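Residue numbers (the working numbering), protein chains in the order written: chain A, 22 to 493; chain B, 22 to 493; chain C, 22 to 493; chain D, 22 to 493.
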């Protein structure tokens with residue numbers, strides 16, 4: 022059999038369980054039992070021992086037997102009904118229900134539970150990111166815009182930046198979870214006609230039945246006006262939330278790949294691991310690259326979801342069916358694999374302060390030219406004169422560095438030797454040295470991020486303590 | 022000049038104003054003034070008369086003059102600074118700011134105000150949809166699944182179904198508006214270094230400055246940890262919310278196009294309009310088709326947004342610039358055009374009860390076969406016998422209808438003539454006739470939708486009362 | 022294990038074989054053998070019996086054993102080398118090769134063979150479509166634009182229209198196959214350094230080696246300048262060609278779904294199959310809906326492919342790896358499933374001439390109004406007078422039909438009774454009746470399509486004769 | 022008026038002309054004139070002086086006048102007919118034509134001419150890329166995989182790699198141009214009914230008419246079986262070809278952005294330009310970033326195109342209309358802007374050999390470890406012993422470099438001092454030095470690329486000589 026590569030290679034057992042054939046069948050059976058219990062409480066003639074019999078066998082899943090039944094009935098839901106009835110020795114499941122009353126609700130339950138798991142993993146990720154941001158809150162690095170040196174920041178601040186992006190997407194995901202509406206028992210075209218028939222037109226009972234079933238599912242809301250299916254824009258919203266949530270990790274992974282190229286940081290190695298045997302110096306950012314790959318995959322699933330949203334004809338059909346079979350589990354496997362990989366990166370990543378310092382030293386004189394100009398002006402020289410002198414020397418220095426005429430940045434010496442600049446080499450060096458430890462509000466900003474994450478981690482302590490499995 | 026086709030042909034003046042060159046320049050100037058006022062309050066030496074001078078000329082926008090300055094400076098923000106200074110006769114704007122301190126915040130303001138306008142238009146749409154759903158709450162139609170007749174529902178329920186999809190997306194959009202975070206004054210790489218220099222390192226003053234500026238912008242939140250730019254996943258989230266919101270209208274437009282094919286409903290005509298002169302009978306669903314077109318456009322903008330999210334290198338760069346210049350205004354123009362069109366459809370659409378009744382009559386005997394079987398069993402025949410007889414006659418009837426052997430659905434007569442079915446033709450006809458007015462919980466469901474929309478319309482009365490402009 | 026749902030439920034064995042773990046390992050081994058043979062011919066010391074030993078065991082694939090080796094080596098290619106060496110009792114494979122010299126070429130072989138299979142299936146599809154177009158070449162139907170009646174055409178012409186769309190995409194796919202370039206043996210960064218070392222810098226031998234290996238692969242071209250990887254825009258081009266090819270079938274499937282709603286045609290049933298047991302009249306277009314679903318899936322894969330194209334950093338990395346593991350097999354499984362489904366539709370579909378005739382009769386008087394006007398003018402009335410009269414009656418008729426005031430289209434009677442129109446009811450009825458069999462050039466156009474397909478089928482007779490497997 | 026930002030800021034005049042309102046109107050009038058000439062030749066009564074009158078006024082485009090007419094007629098094509106007739110003083114245009122007979126063909130002409138311009142710009146780009154590849158064919162750089170040092174290559178080879186990717190996409194685009202089929206004169210639903218009426222059913226004349234009109238358009242092929250519209254998968258194919266073509270430039274732009282971060286190369290400056298005034302050292306890769314931005318935009322247009330392909334209902338409608346109004350011109354403006362930008366990069370880019378050498382020196386000892394091991398084995402030491410010693414020293418060296426314990430790569434000294442390695446420091450240094458100039462087949466591969474481009478440039482000399490306009 023050809024396996025689902027996302028499930029088998031990357032996703033965690035929790036997600037695999039939800040989306041496996043066996044896991045789904047158990048969810049369906051639990052759903053049927055919840056319906057039967059509610060129907061019985063509301064007056065339908067379903068014996069208690071029948072329900073007990075269904076409950077006692079609900080975990081006996083024999084997919085081969087079900088498949089054999091399907092070959093006879095040519096109808097998948099009917100085959101699963103017969104199998105469950107056969108196991109229990111009763112015929113009480115699926116009363117007044119159409120196939121979609123079962124499948125829509127159970128698929129939404131799969132989505133809802135998956136969303137919660139991913140929400141929890143984003144908490145685990147934020148907790149780790151917060152620790153890393155604190156660890157390096159004061160490690161000054163050369164911030165880059167357009168991928169070239171710009172101003173000092175700290176490595177912790179850089180991480181907090183990607184972390185805060187995730188925090189924002191996390192809140193949006195939580196909004197989705199808090200509002201997530203389930204279809205409920207609505208019948209073939211959404212009018213509840215069959216449940217109404219079953220309860221002789223008693224609308225209050227039908228409403229109470231649905232209320233109880235939704236309570237079983239544990240979802241916070243229920244649709245009132247639907248057709249055969251719930252609106253597929255809800256699936257779109259879910260996949261969009263996952264894509265959104267993957268963005269912070271993806272940007273951070275790209276930035277780590279860039280830093281690895283400069284040897285200022287790396288995603289690290291597992292304990293005992295070294296580079297490739299042929300090239301032991303090589304620390305390839307394979308996991309970061311994989312994170313970026315997962316994001317591309319999610320964007321593909323988003324395109325699938327957007328192909329379904331807004332394309333409902335009348336009360337619905339199954340043109341979405343094959344798409345959702347692929348897109349829903351695979352999007353969750355992909356984001357799950359992304360988090361498993363990203364958590365491992367966060368556990369193993371490393372910074373190289375010596376190389377960072379070398380880079381700072383190389384660029385700092387350039388980064389401090391605006392401060393040097395201000396001090397020169399204070400010391401009496403005209404603004405235009407100072408600007409002209411500094412620009413001349415800065416351009417000459419960068420050109421000489423690129424041409425190999427000088428090997429270290431000697432802008433300070435050049436400026437000290439220029440009469441137009443009324444500052445000594447000690448004063449100039451002092452300005453540059455002060456720059457090395459001045460990253461503005463970076464440390465305080467990191468602290469703000471850490472506090473926000475702490476609040477979240479306190480609200481979800483188990484999620485925050487999650488340990489990823491080992492990755493390929 | 023080649024115009025922006027979405028702006029010129031489809032978008033409303035409110036959106037055009039926000040995204041026009043002139044509108045943007047005024048927003049920038051108001052932003053600079055807000056910064057100066059706060060800086061002055063916090064101790065910077067900015068004379069009150071200077072601020073007054075800026076305020077008095079802020080609406081004098083001369084794009085040609087600015088463009089001339091840009092040709093000299095080769096820097097767009099610098100040109101706009103010089104123009105504003107020139108008009109005011111002062112040089113106090115942009116203190117301690119980098120270009121992105123201006124442009125990011127102003128672009129977010131454009132997005133935020135556009136989101137609010139679209140939020141309001143969705144309220145206007147829901148209000149109309151609710152009225153239409155009430156109007157046709159009891160008009161029984163033949164619900165279709167797989168585009169073929171399935172069970173009765175009502176036209177009002179069908180509309181409420183698409184309306185409730187929109188209502189759900191509306192709530193998600195409102196969540197986005199309620200949380201929308203602005204970048205604030207963060208400097209070249211996000212560390213606020215330059216504002217800190219300006220205030221001699223006084224972090225409290227810098228924080229207070231930002232707080233006041235954000236208050237001016239009227240946005241509910243502010244980022245703490247950003248780089249040169251705010252995370253582009255926020256743009257993604259905004260465009261995804263628009264795409265989501267367009268889904269209900271898009272599905273309803275497709276369904277109206279289908280109904281027009283059956284002549285059960287149409288998007289209607291403007292007063293005085295008829296079909297094409299060559300074919301006056303033709304009522305083309307041009308506006309519904311356009312709604313679907315706008316949705317496709319939005320999905321394209323979503324693909325652009327998804328190409329930016331998760332692609333930040335270090336503290337940022339301008340690889341997103343050209344994309345955002347296209348995607349942000351155009352996505353808002355597209356959704357705005359969609360709502361202008363859809364509002365017009367809602368105002369002009371029509372249903373054709375006589376044709377609907379003809380369709381119901383044609384299909385109803387088929388739709389009531391399950392009820393007929395139940396009654397036959399009550400009357401004493403075995404379940405299997407009844408099922409077999411009904412199936413035989415139903416298949417024969419549908420085949421004869423398709424083959425043209427009969428011209429009306431005579432299933433009732435066939436069943437009445439079969440000894441296996443112990444029901445008279447009066448009884449059978451009665452069952453079918455009862456079906457015509459039984460759409461289950463449809464009317465009550467519509468009422469639920471109406472009440473939800475009423476609450477929303479009460480909260481946003483001006484939005485609910487919006488009248489669309491005339492469309493092409 | 023969680024299966025790949027596209028492979029297991031929808032794809033044919035031919036595609037499954039290419040993309041299975043076992044199938045891939047055999048392809049790799051055959052590739053290694055081809056390299057060894059060429060290396061030996063060019064002077065490397067590889068004994069003939071070693072090659073014979075490898076050949077004799079190449080089909081013994083034990084994935085469990087390979088996985089066990091991978092757990093030790095932590096390197097997938099190394100594990101597969103050791104396994105093959107172990108089976109053969111020699112150590113000659115992979116000389117002068119890097120992992121990508123193996124994997125890129127073998128993955129391209131999988132793509133290339135899959136492209137050929139899909140090319141062949143499109144021939145099979147075109148052959149069937151051509152037969153159906155001929156069968157119904159003269160069956161006049163009411164063509165629809167904007168989903169409403171427009172002018173007569175024939176059902177065969179409608180099918181030929183979708184067929185010609187496919188034919189155009191087929192030619193583009195063939196262009197891709199004809200040009201498809203393989204990466205070849207290029208070494209770690211594309212400079213062939215390691216093969217050059219192996220042959221002591223003999224560039225001619227290295228070139229000859231690559232030529233022979235490419236000949237083994239059977240691909241028409243080879244890249245010269247590549248890095249570690251071949252350009253991912255080639256994958257994009259392949260997936261785009263598949264998406265393109267799916268468009269004709271997808272449009273036809275949508276149109277069949279529309280026709281099923283009018284009961285003028287249907288995708289049919291398998292022999293012995295009827296509608297759902299609860300609603301035997303219902304002929305759901307499940308297979309057509311599935312075809313549309315596959316197209317949505319392909320567009321998602323296209324989004325994945327477009328996320329890789331143009332994103333190569335330097336000589337390449339593995340950020341594409343997880344994406345290609347999902348996208349490449351799944352895109353081929355999806356298009357394969359689409360064709361298996363669509364071929365079945367073509368075999369089982371049906372048209373309902375009696376219903377079609379009813380529809381023609383209903384609309385034809387409207388469709389012939391321009392002809393009626395021309396004849397009225399010839400008979401002496403002024404053009405404007407005739408136009409005014411016809412428009413009045415046409416609008417009145419369509420309104421009365423929709424309002425249920427008349428049950429059949431009596432435009433002809435109305436016009437006959439109007440003094441302004443100097444034509445008798447016989448003349449008017451004659452014009453309308455002539456319209457029923459006048460579909461312009463439709464029949465000749467169909468013939469043109471049939472001839473083009475015939476040429477293709479003659480060039481690929483085996484492909485044209487392909488029979489699809491049975492579908493779910 | 023809000024301008025089209027892609028047209029105004031980035032696209033070249035040639036593209037603007039094709040897609041402007043005025044340009045389109047002239048194309049339409051030329052089309053009508055071509056139809057009239059052919060109709061006259063085939064016997065219709067159209068006076069020669071009428072055609073002459075139309076020809077003499079075809080360039081007098083008054084969009085305001087046309088818009089005024091449209092307000093009266095409420096039909097855009099009718100307004101343009103009346104305007105042209107009014108100018109010429111005749112009424113002979115548009116005989117037997119429907120609106121789509123005009124608009125589809127003219128829009129295809131816009132697409133086709135745009136495709137040719139882009140094809141030509143890709144030739145211009147390849148010619149420049151070829152010169153740059155030759156210029157740096159022997160400049161050895163450190164190739165990177167996973168963004169870290171891997172093996173030597175040359176800068177010319179790296180450029181040729183991206184060039185060959187473009188060459189492959191160029192050939193695919195040429196295939197599209199060579200096959201591009203136009204819709205032709207097919208009437209309202211594709212059956213040519215109206216032209217057949219016009220020529221009294223003479224199919225040969227109608228065929229000849231179409232043949233002449235297509236010859237006027239200059240397109241290589243014509244559809245036979247279409248509906249109201251030509252298949253939108255052809256638009257998809259066109260936009261996909263543009264996206265494909267942008268991939269090589271996009272990957273090269275990303276790689277230049279990476280190299281700028283290492284100061285080994287840059288996109289350069291316009292003559293006289295320096296870095297930002299605040300930071301004169303900063304050479305921002307703004308143009309490369311913009312190239313990547315254009316690619317993202319194209320992927321968005323591709324998503325729009327894919328939303329239209331496979332979504333034709335019956336003989337077609339206008340759900341594609343608003344999408345095509347945006348997507349078609351904008352995709353061409355985007356690719357045109359991309360090429361204008363990329364050509365400028367190619368003209369201004371620079372490499373920094375001194376920095377490149379520094380990088381080579383830093384990494385080369387690592388890159389040559391496999392050669393060192395081979396030589397050590399030749400000198401008598403066991404393979405395992407040599408491997409162990411080299412690995413120990415390589416890992417220690419990289420760690421010491423990262424930790425700042427050493428400032429230059431002293432692996433050679435370390436190995437020379439290890440008794441296990443029987444090579445002198447002179448021998449070891451010699452191996453490393455030889456590596457510096459050994460980039461395998463790189464130079465020969467570049468030559469292969471250059472020859473292919475030369476052939477192309479000879480075939481399209483004017484295209485190859487194209488000079489880009491100045492960019493913002």
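A virtual CB, placed ideally from N, CA and C, is assigned to each residue, including glycine.
No experiment lies behind these values; they were computed from the predicted model shown.
Around the Cβ of residue 304(C), a 10 Å sphere holds 16 or more other Cβ atoms; the residue is buried.
DSSP, read as helix, strand or coil, puts residue 386(D) in helix. Within the region 335-350 of chain D, 335, 336, 337, 338, 339 place their CB atoms closer than 8 Å to a CB of chain C, listed in sequence order. Comparing C-alpha distances from residue 108(D) to each of 87(D), 308(D), 407(D) shows the shortest one belongs to 87(D). Using a Cβ-Cβ cut-off of 8 Å, residue 272(B) counts as an interface residue toward chain A, since at least one Cβ of chain A sits closer than that to its own. Contact between the region 175-194 of chain D and the region 255-271 of chain D is present: 3 or more CB-CB pairs across the two stretches fall below 8 Å. With respect to the C-alpha of residue 365(C), the residue from 323(C), 162(C), 313(C), 288(C) having the closest C-alpha is 288(C). Contact between residue 374(B) and residue 453(B) does not hold, since the beta-carbon distance rounds to 19 Å and is not under 8 Å. Within chain D, no C-beta atom comes nearer than 9 Å to that of residue 52(B); the closest sits roughly 21 Å away. By the criterion of at least three beta-carbon pairs nearer than 8 Å, the region 126-136 of chain A is in contact with the region 46-54 of chain A. For residue 114(C), the closest of 150(C), 59(C), 382(C) by C-alpha to C-alpha distance is 59(C).
Per the coordinates, the alpha-carbon of residue 363(B) lies some 30 Å from the alpha-carbon of residue 247(D).
Residue 318(A) places its beta carbon 8 Å or farther from that of residue 339(C). Out of 27(C), 148(C), 485(C), 492(C), the CA that lies nearest to the CA of residue 361(C) is found in 492(C).
Counting along the chain, the unbroken beta strand (DSSP E) around residue 173(C) starts and ends at 169-175.
Residue contact check for residue 101(C) against chain A: no CB pair falls below 8 Å.
Rounded to the nearest whole angstrom, the C-alpha separation of residue 205(D) and residue 182(C) is 14 Å.
Less than 8 Å separates the beta-carbon of residue 263(A) from that of residue 352(A). For residue 400(D), the secondary structure class from DSSP, reduced to helix, strand or coil, is coil. Counting only runs of at least 3 residues, the region 405-434 of chain C fully encloses no beta strand (DSSP E) element at all.
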